[in-house]
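So the sequence shown is residues 621 to 759, counted in our numbering.
What follows is one structure encoded as structure tokens, with my remarks underneath.
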Amino acid sequence: HILYDPSLRDVSKTHMGWDNYEYAFSGCEASVHGEAGRVYAVLRESPARKLVSLVNLTASDGCWNKPQKEPEALENIIVTMAVPAEPAELYAISPETDNGAPQRLSYTLEKRPEGLFISASLPRLKRWSCLVAEWKEQL
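Now the structure itself:
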């Protein structure tokens, strides 16, 4: 299963924020630190794929050991990521959408001075969603 792929490494704190431009989000306040009131982003990569897990903590008060309010769904979060080549597959998965079946996503491809980037809209984030980009060959 892709969520347990041992070749994936966590790049959350080295590829987002400050002067790191490999991942960016619009339509939500994202953080790689699991902060209350934000969307928690966990970024994992391997030569064959990239996974962007998003956890909606917008209704959280930061106390993990007590019940939390139900978060409101966020819609059309734009995820932008640096890619080594155009992906063969781009899809989102969530247990809250179609029983976890993958949803293909369209994307735009852009060449920048820093490299190649794709941008895609995640249609809905209630609690947890994962965006997956895959390549036919390991790059």
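Beta carbons are placed, not taken as given, at the ideal position from N, Cα and C, and that holds for glycine.
Host alpha helix (DSSP H) of residue i (start-end)
i: L634; result: According to the sequence as given, residue 634 is Thr; it is not Leu. Counting along the chain, the alpha helix (DSSP H) containing T634 begins and ends at 632-635.
Check whether residue i and residue j have beta carbons under 9 angstroms apart
i: W755; j: S673; result: no
i: V652; j: S632; result: yes
i: K660; j: L677; result: Just to set this straight, residue 660 is Tyr in the shown sequence, not Lys. For Y660 and L677, yes; Cβs fall inside 9 angstroms.
i: L725; j: Y711; result: yes
i: D630; j: R669; result: no
i: A771; j: E690; result: The question about residue 771 has no answer here: the residues shown for the chain are numbered 621 through 759.
i: C683; j: S714; result: no
i: L623; j: Y643; result: no
i: K746; j: E706; result: no
Helix, strand or coil at residue i [DSSP, three-state]
i: L677; result: coil
i: G735; result: strand
i: Y624; result: helix
i: A668; result: coil
i: A762; result: With the chain running from 621 to 759 in the structure shown, residue 762 is simply not present.
i: C648; result: coil
i: R747; result: coil
i: S741; result: strand
i: E642; result: coil
i: L725; result: coil
Where the beta strand (DSSP E) through residue i begins and ends
i: E690; result: First-last for E690: undefined, no H or E at that position.
Sufficient close CB pairs (3 or more, under 8 angstroms) joining the stretch 735-753 to the stretch 692-711: yes
Secondary structure, beta strand (DSSP E): runs of 3+ residues fully inside the stretch 691-720: 694-703, 709-713
Segment contact, 8 angstroms Cβ cut-off, at least three pairs: the stretch 702-709 with the stretch 726-737: yes
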